[in-house]
Structure formats: C-alpha cells, structure tokens
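J.:
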Amino acid sequence: MAHGAVLAALHAQSFSTEDVWDEAALTQLLPLPGSVTGLAMRGNQPAGFLMLRCVVDEAEILTLCVAKACRNQGVARQLLAWGVMEAQERGADHMFLEVSVHNVAAQALYAGAGFVMAGKRRAYYPDGSDALVLMRSWGG
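Here the numbering used here = 1-based position in the sequence shown + 364.
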C-alpha cells in the first residue's frame with residue numbers, strides 16, 4: 365500500500381498550496397471502505413498516483429497526481445486507465461470527478477478517456493474557482 369508521506373509529496377507537486385492534501389489527510393483516506401490507490405513508479409521513484417472510491421455502482425476519482433519530472437510521459441493516462449479498470453472490477457457502472465475550470469490539460473486527459481461534462485460546482489476550490497463535474501459511464 366502506498367504510504368501517506370509519498371502520496372503527500374506527489375500531491376504537493378501537483379496542486380497549489382491551498383489545494384494540497386497533507387500526509388494526515390491522505391493517510392485517513394487510504395483505509396476508507398471502497399477506497400483504492402494506485403501508485404505509478406518510474407524505476408524506483410514514485411511517478412504519480414490515483415486515488416478513487418467505489419460505492420455500490422459508482423466510483424469517484426478523489427485525486428490524480430503526477431510528479432513534475434514524469435509529466436507528459438503518459439503516467440496520468442496509465443493511472444486513469446487503471447482506475448477505470450479497477451472501478452469496473454469493483455462493480456461500478458459510472459465514474460465521476462471534479463476538475464478545475466482552469467486545468468485545461470486535465471480536462472483534455474479526461475475527455476480523451478471518454479469523460480463528459482455532467483455539471484458544475486460553483487466556487488468549489490479554495491481560490492473561488494469553479495469545478496467541472498465530469499462523468500464516464502460504461503454499464504447499465
């Protein structure tokens with residue numbers, strides 16, 4: 365299982381200071397029922413992680429992070445594909461996530477993986493920016 369400190373270090377590289385989840389927050393999420401975390405490695409170094417939670421027939425991506433040195437190498441795409449497969453194996457028919465309206469690269473990643481806009485959360489992030497709610501369905 366991924367360790368909270370490793371995840372926190374990766375998270376700090378991916379999000380602004382007010383959006384970063386610290387080690388305590390990530391460690392609390394790891395053992396929650398339905399929670400699963402995939403850690404990508406490049407050699408012996410953590411390259412990124414995806415944390416999701418599956419409940420009944422739905423999955424939610426809680427966070428997806430890639431180390432700065434590993435960006436634009438397909439790590440996020442691989443983690444996302446793994447997350448979808450993991451959710452399907454756990455019985456989910458749908459997957460949701462929130463992404464900042466300012467994070468164009470992440471929006472392109474998710475669109476390329478078949479996610480579509482399902483809604484918007486106004487002033488969702490600490491800086492007051494909105495989040496797009498994206499969804500992908502594959503089952504009933």
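Heads up, the beta-carbon is just placed ideally off N, CA and C, and yes, glycines get one too.
Looking only at DSSP bridge pairs, what is residue 414 linked to?
T.: Looking at the DSSP assignment, residue 414 forms a beta bridge with 402 and 428.
J.: When you compare each of 422, 367 and 465 to residue 496 by their alpha carbons, which one comes out closest?
T.: Closest by alpha carbon: 465.
J.: Near residue 439, what residues of its chain come up, given a Cβ to Cβ distance below 6 angstroms and the 5 sequence neighbours on each side ignored?
T.: Result list for residue 439: 404, 411, 412 and 430, in chain order.
J.: Going along the chain, which residues of its own chain have a beta-carbon closer than 6 angstroms to the beta-carbon of residue 446, five neighbours each way excluded?
T.: Counting only Cβ-Cβ distances below 6 angstroms, and skipping sequence neighbours, we find 402.
J.: Looking at the strands, I want to know which residues DSSP matches up with residue 422.
T.: According to DSSP, which records beta bridges pairwise, residue 422 is partnered with 419 and 458.
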